[in-house]
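The next block holds one structure in the form of structure tokens; read it before the comments.
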Amino acid sequence: MSEVREGGEVLGVVELDRDLAGFRVMYPGSVLGEFLRSRRARVRPEDVGLSSGIRHRRVAGLRREELAPLAGVSVGYYTRLEQGQSPNVSDEVLDAVARVLRLDDDEVAHLHRLARVARARRKARPERLRAGIRLMVESFTEVPAIAVGRRGDILAWNRPAHALLAPHWAFDAEEKPNFVRLDFLELDFSRGLYADWEQKARDDIAYLEGSLSRFPGDEGLTALVEELLALSPQFHALWTEHPVSNCASISRDYRHPGVGVMTLTAELLRTPDDEGQAVTVFQAETGSPSRERLRRLTESVTRPGLARPADR
Numbered sequence: 047m048s049e050v051r052e053g054g055e056v057l058g059v060v061e062l063d064r065d066l067a068g069f070r071v072m073y074p075g076s077v078l079g080e081f082l083r084s085r086r087a088r089v090r091p092e093d094v095g096l097s098s099g100i101r102h103r104r105v106a107g108l109r110r111e112e113l114a115p116l117a118g119v120s121v122g123y124y125t126r127l128e129q130g131q132s133p134n135v136s137d138e139v140l141d142a143v144a145r146v147l148r149l150d151d152d153e154v155a156h157l158h159r160l161a162r163v164a165r166a167r168r169k170a171r172p173e174r175l176r177a178g179i180r181l182m183v184e185s186f187t188e189v190p191a192i193a194v195g196r197r198g199d200i201l202a203w204n205r206p207a208h209a210l211l212a213p214h215w216a217f218d219a220e221e222k223p224n225f226v227r228l229d230f231l232e233l234d235f236s237r238g239l240y241a242d243w244e245q246k247a248r249d250d251i252a253y254l255e256g257s258l259s260r261f262p263g264d265e266g267l268t269a270l271v272e273e274l275l276a277l278s279p280q281f282h283a284l285w286t287e288h289p290v291s292n293c294a295s296i297s298r299d300y301r302h303p304g305v306g307v308m309t310l311t312a313e314l315l316r317t318p319d320d321e322g323q324a325v326t327v328f329q330a331e332t333g334s335p336s337r338e339r340l341r342r343l344t345e346s347v348t349r350p351g352l353a354r355p356a357d358r
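Taking my numbering, I'd label the letters of the sequence shown as residues 47 to 358.
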């Protein structure tokens, strides 16, 4: 075990794991603390009307004793909040902390989710996709569609989605790819597919962070994070930044070797049972070159006789 300290005070404990060549992530309090500390580090004292002083500051950004009074709470209370030991923290306190840290709307929502974990931890059940959701995904014939789980596992896909996202995988494979693992551990493929790979990687991490805040009892989820921390330097570097995104509607450029570059918007639709699963549909703007290229991609796998070569 290794203590995490700031200014001589123990903030938490990290469990080292030799086999993983890294550290074991401990939830939920550690995620809340890491998130708050990362946001404190980017706020300068002068940003909130304080003097940074002439002494060398050992801590980047705001100290806890500087933030706490600005948020209207004691230093001890704020410290417990960072440690995940304030399960009954009010929305007013969270909003006050968010204002001092200058969080955007997505970050504020993420802070509220993390703080609520200690109040009601839910034991995550194994992921099972309802037959109706699988049929819904298969019913999309003109656009790529997938069902994804809270860990980033692709639970179902149609043929256009397979052709777009992972054509090197067997379409009918019982175990389909995990999109986060695919993006970080198959770099040659993922960097070729996504024009802005780093933004896609940040969105992946934000997806996992959101799932961890809602399903802290999911051992498969924490194991995935541990695996990626151990195996991917890129994941390790970005994880410490705690990127936040609502992931609900994201537009990005896809470079497909068969049809060329397409700008597609991924619309994520949450399932009503709140098990962390979602259906994602990929669409292109009507009348755009991307729409035509997406049509050709779809026809190449649903009606291969009609497919035409890409415009180069």
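Even for Gly, the Cβ is constructed at its ideal location relative to N, Cα and C. In this text the structure is predicted, and so the values were computed from the model without any measurement.
With a CB to CB cut of under 6 Å and the five nearest residues on each side skipped, what residues in its chain are close to residue 281?
230, 274
For residue 215, which three-state DSSP category applies?
coil
Apart from the five residues on each side of it in sequence, which residues of its chain come closer than 6 Å, Cβ to Cβ, to residue 108?
86, 89
Mind checking which residues open and close the alpha helix (DSSP H) that includes residue 245?
243 to 260
Does residue 80 come out as helix, strand or coil in the three-state DSSP assignment?
helix
In whole angstroms, what is the alpha-carbon distance linking residue 263 and residue 321?
13 Å
Determine the burial state of residue 83: buried for a count of at least 16 other Cβ atoms within 10 Å of its Cβ, exposed for fewer.
buried
Only counting the same chain, and skipping five residues up and downstream in sequence, which positions put a Cβ closer than 6 Å to that of residue 224?
198, 199
Three-pair Cβ contact test at 8 Å for the region 170 to 189 versus the region 204 to 211:
yes
Residue 280 (DSSP reduced to helix, strand or coil):
helix
For residue 224, the residue or residues it bridges with in DSSP
199
Just mark residue 295 as buried or exposed, buried being the case when its beta carbon has 16 or more other beta carbons within 10 Å.
exposed
Could you say which of 77, 149, 301 lies nearest to residue 242 if we only look at CA atoms?
301
Touch check for the region 284 to 295 and the region 213 to 223: three-plus C-beta pairs under 8 Å?
no
Going by C-alpha to C-alpha distance, which of 342, 175, 309, 234 sits closest to residue 330?
309
For a test of the three-state rule: what should DSSP assign to residue 324, helix, strand or coil?
strand
What are the residues that DSSP puts in a beta bridge with residue 124?
Paired residue(s): none; residue 124 is not in a bridge.
If you reduce the DSSP assignment to three classes, tell me which class residue 313 lands in.
strand
Locate the beta strand (DSSP E) running through residue 297, then write down its first and last residues.
295 to 302
Check whether the Cβ atoms of residue 339 and residue 290 lie closer than 7 Å to each other.
no
Hey, could you find the ends of the alpha helix (DSSP H) residue 143 is sitting in?
137 to 147
Please list, in chain order, all residues of the same chain as residue 100 whose beta carbon is under 7 Å from its beta carbon, the five residues on each side excluded.
With a pLDDT of only 49 at residue 100, under 50, the local geometry of the prediction cannot be trusted, and no value is derived from it.
Cβ-based burial, residue 254 [other Cβ within 10 Å; buried from 16]:
buried
How many angstroms separate the CA atom of residue 233 from the CA atom of residue 279?
12 Å
Collapsed DSSP secondary structure at residue 161 in the structure displayed
helix
Span of the beta strand (DSSP E), counted from its first residue to its last, around residue 194:
191 to 194
Give the straight-line distance between the Cα atoms of residue 110 and residue 145, rounded to the nearest whole angstrom.
15 Å
Residues bridged to residue 329 (per DSSP)
311
Just to confirm, are residue 127 and residue 121 a CB contact at a threshold of 7 Å?
no
Excluding sequence positions up to five away, which residues of its chain have a Cβ less than 6 Å from the Cβ of residue 210?
190
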